[in-house]
Amino acid sequence: MAQVVLKEVVKAYDDVVAVDEVSLTIGDGEFVSLVGPSGCGKTTTLNLIAGLIEITDGTISVDDKVINDLDPKDRDIAMVFQNYALYPNKNVFDNLAFPLKMRKMSKSDIDARVRQTAEILSITPLLKRRPRELSGGQQQRVALGRALVRNPKVFLMDEPLSNLDAKLRVQMRSELKRFHTELSATVIYVTHDQLEAMTMSDKIAVMSESRLQQFGTPDDIYGHPANIFVAGFVGSPSMNLLRGRVSRDNGITYVTGPDFRVGLTGRNQALADASSGEVVVGCRPGDCRITHETSTTGFAAAIHTVEPTGDITFLHLRTGNAMLIATVTPDFPARVDDQVWVTFDNERLHLFDGASEQRISA
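When we follow my numbering, the leftmost residue of the sequence shown carries the number 4, and every step to the right adds one.
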């Protein structure tokens, strides 16, 4: 496998910048996911690494070798597209075998590699079928298998599980992760599914508006978001974010908005004191404490909707013009328009500077 390094990579189309000075180091054998909203530049970044589009500026290196000017076929990179791109006149076995035949591997080695890949992807019974005889999910697995069978230096995957049903996606996530672990493969994976990124990745790159917002382990991204965008994008449901100003009352520091007041203690108090004065308080839905009893440390909210999911219930809460989400146990008594009191877990709060929108650090 190989290390992949992007250094200040830029892709511009006239006045439109699709990728803006993105720098990343994907370690040898790492599984890295690129996530972000549509149009953020993640698929363009993948295509730049593959050599499918020409780079405007910066460098892309594989094992310390700059590959900017290499043709895609000379990069030893396999890519799985969001569409299937299968040969319609070949059966599944021949689709998988084709890249190996191009490398002039022996017939016995090709047979063994194809059958091993088919077993991993649970498509052994499909080897004699043609693509038109397969479902969309089955075609996607064959497309994935055609990349896996090559054992290249780097795997590039552009939402390869997007056409699979929910149960099969869970199974394929596990199989892909096992495959990555067994082969120590270097994988760069584009997805809209945060659960895929969180469960499969060694590191995650979060992109927005053509720029890299944060790059780190799933725990870093989730537990210490670098800015308001990452905080609101990563996590399902997303983090609650309330904008207010720092105030003090009887020696206690608060973040106060039109319809809420959150008390801060300890380290959070010191961080708020070091801010510009305008602060955005972030709290995950699971870190909100909800009660029907009046709380001197919380603020009032009205239940907007109730979403039971079986093991937990999501409460959508309205306080003034702001909407929050909190989780409660299924037996929590909740009716639409009931008033409740909300308290944030002070030890698990996230504070962002209101002016810069960056995380406030010590």
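For each residue, glycine too, the CB sits at the ideal point set by N, CA and C.
- Nearest in C-alpha terms to V65, of all of A146, I29 and T308, is I29.
- The way I'd put it, the segment 307-326 doesn't touch the segment 274-287; fewer than three beta-carbon pairs between them come closer than 8 Å.
- Shown here, M201 sits in a helix according to DSSP, grouped into three states.
- DSSP places K170 within a helical segment (H, G or I) once states are collapsed to three.
- In the three-state scheme derived from DSSP, where H, G and I count as helix and E and B as strand, S26 is classed as strand.
- Within the segment 69-110, the complete beta strand (DSSP E) segments of 3 residues or longer fall at 80-83, listed in chain order.
- Closest in C-alpha terms to W344, from the list F355, L320 and D356, comes L320.
- The segment 112-122 makes no contact with the segment 65-76, as fewer than three CB pairs between them are under 8 Å.
- In this structure, the alpha-carbon of E136 lies about 20 Å from that of V83.
- Excluding the 5 residues flanking it on each side, T316 has same chain C-beta neighbours closer than 8 Å at V309, E310, T330, V331, T332, P333, F335 and A337, in chain order.
- When DSSP reads this structure, P311 sits in a beta bridge with T316.
- Per DSSP, reduced to three states, the secondary structure at V145 is helical.
- Taking 3 residues as the shortest admissible run, the segment 272-342 contains the following complete beta strand (DSSP E) segments, listed from N- to C-terminal end: 281-286, 291-294, 302-311, 316-322 and 325-331.
- Taking 8 Å as the cut-off, the beta carbon of V19 is found no closer than this to the beta carbon of V13.
- Of the candidates D262, M326 and I191, the residue whose Cα lies closest to the Cα of P240 is M326.
- DSSP, read as helix, strand or coil, puts A229 in coil.
- Apart from sequence neighbours up to five positions away, the residues of its chain that approach E360 with a beta-carbon distance below 8 Å are N230, I231, F232 and V283, ordered along the chain.
- Collapsing the DSSP output to three states places T62 in a strand.
- About 6 Å separates the CB atoms of S26 and L9; that is less than 8 Å, so the two are in contact.
- Bridge partners of A15 according to DSSP: V20.
- In the three-state reduction of the DSSP assignment, T220 falls in the coil class, being assigned neither a helical nor a strand state.
- Around the Cβ of T220, a 10 Å sphere holds fewer than 16 other Cβ atoms; the residue is exposed.
- About 6 Å separates the CB atoms of A275 and L354; that is less than 8 Å, so the two are in contact.
- G235 and G39 have their C-alpha atoms some 11 Å from each other.
- The alpha-carbon separation between M108 and R176 amounts to approximately 29 Å.
- Separation of L171 and V95 (C-alpha to C-alpha, rounded to the nearest whole angstrom) is 19 Å.
- The DSSP-derived three-state label of H353 is strand.
- At least 8 Å separates the beta-carbon of R181 from that of A81.
- Listed as beta-bridge partners of A208 by DSSP are L37 and F218.
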